[in-house]
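Q:
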Amino acid sequence: MKLIVAGATGFVGTEVIRQALSHPGVTSILALARRTTPVPANAGPGADASKLQSVVCDDFENYSDSVKQQLSGADACVWLIAVTPSQLRSMPWEEARKICYDYTVKGLETIGKLSPASGKPLRFVYTSGANSERDPSKKPFILGDYCVMRGETENFVLKYAKDSNGAVDATVAKPGLIDAPGKWGIAMRVLSTIGRSIIGLPKVELTEIAATLIDQAVNGIEKDTLLNEDLVRIGQKVSGESE
Ligand SMILES: NC(=O)c1ccc[n+]([C@@H]2O[C@H](COP(=O)([O-])OP(=O)(O)OC[C@H]3O[C@@H](n4cnc5c(N)ncnc54)[C@H](OP(=O)(O)O)[C@@H]3O)[C@@H](O)[C@H]2O)c1
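First residue of the sequence shown: 61, per this note's numbering; consecutive thereafter.
#1: For Lys219, which residues does DSSP report across the bridge?
#2: Below 6 Å, is the gap between the Cβ of Leu237 and the nearest heavy atom of ligand 1?
#3: State the start and end residues of the unbroken beta strand (DSSP E) segment that holds Glu265.
#4: Asp229 and Ile281 - do their beta-carbons sit closer together than 7 Å?
#5: Which of the three DSSP states, helix, strand or coil, is assigned to Trp244?
#6: Inspect the CB distances between the region 86-104 and the region 249-268 and report whether three or more fall short of 8 Å.
#7: Helix, strand or coil for Thr96? Go by DSSP, reduced to three states.
#8: Does any residue of chain B have a CB that is nearer than 7 Å to the CB of Ser126?
#9: Determine contact between the region 184-193 and the region 204-214, defined as no fewer than three beta-carbon pairs at a distance below 8 Å.
#10: Would you check if there are 3 or more beta carbon pairs closer than 8 Å linking the region 244-254 to the region 198-208?
#11: For Thr285, report the span of its beta strand (DSSP E) as first-last.
#12: To the nearest whole angstrom, what separates the beta carbons of Arg183 and Asp135, a pair I think is in contact under 8 Å?
#13: Excluding five sequence neighbours on each side, which residues of the same chain lie with their C-beta closer than 6 Å to the C-beta of Glu265?
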């Protein structure tokens, strides 16, 4: 199957690409980003780098014909383009909303119309966050506007799929903190563990969430919302099976 990974250059995207290169169910990876996606350094012995095709897009609000042509015929898309909370202070709010909400809307509207070659529904696997809030009246105390805006994006994705007459099948993954070996030094790791326990934020390993996103894209969507515990469960199951 042909898999689009949107946000292929990021933290999660790099691991999705790394695993997809060795995944027998993925024959072709279209790495969509604003810059060239390199082959991950630690791709592993079973990786087939020839599966990777970098698709550089310079306008995510207006896809060029060339980009659309390169993305056509894909069976599934893992969407990872967003601004994470730590990056919010480095840009105006309108810019963050454009990247998180507008780019997702345009991306799904564009890719959703480029039918898979199989004639089956496009599987759209959207990655959001555990604290994103779909009900604006329940705006969280911490990062309220951001959480509601991400929830609004989740609502859009699920409604688009529901109204698509079977053209799109979608799921929203809601990870807590995504952890990986070497992500932090000891001091930051202790601080993050304390912070997470205070606000009740769960954790998933990078390898687990990447395995889950690929599994849902390749084997089909289990349900329309995947909570952190689902991401851990599915990720551990499919990683165990592939060992
Ligand atoms: N990391 C976590 O602990 C965590 C936890 C919960 C949820 N999530 C969610 O998981 C998803 C992926 O997160 P991540 O950690 O992989 O984020 P990331 O490392 O910041 O990657 C984000 C991706 O979006 C792209 N992007 C950002 N701004 C863009 C712009 N203006 N135009 C085009 N592309 C742009 C980045 O491209 P460049 O590489 O060119 O910047 C990158 O490919 C996000 O939805 C995030 O909210 C992450």
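Each residue gets a CB set at the ideal place from its N, CA and C atoms; glycine is no exception.
A: Walking through what the data contain:
#1: The residue labelled residue 219 in the question sits at position 159 within the sequence shown. Beta-bridge pairing links Lys219 to no other residue.
#2: Mapped onto the sequence shown, residue 237 falls at position 177. True, at least one ligand heavy atom lies under 6 Å from that Cβ.
#3: For this step, residue 265 is matched to residue 205 along the sequence shown. Taken as a continuous stretch (DSSP letters only), the beta strand (DSSP E) holding Glu265 covers 263-265.
#4: Here residue 281 is taken as the residue at index 221 of the sequence shown, counted from 1. Here residue 229 is taken as the residue at index 169 of the sequence shown, counted from 1. Yes; because the gap between Cβ atoms is below 7 Å, this pair is in contact.
#5: What you label residue 244 is simply residue 184 of the sequence shown in a count that begins at 1. Here Trp244 sits in coil by DSSP.
#6: no
#7: Translated into positions along the sequence shown, residue 96 becomes position 36. Coil at Thr96, not helix or strand.
#8: Chain labels in this structure do not include chain B; a single protein chain is all it has.
#9: yes
#10: no
#11: Residue 285 sits at position 225 when you count from the first residue of the sequence shown. Thr285 -> beta strand (DSSP E) spans 285-287.
#12: Position 123 of the sequence shown, counted from the first residue, corresponds to residue 183. Position 75 of the sequence shown, counted from the first residue, corresponds to residue 135. Confirmed, about 7 Å.
#13: Locating residue 265 in the sequence shown gives position 205, where the first residue counts as 1. The answer, listed in chain order, is Asp239.
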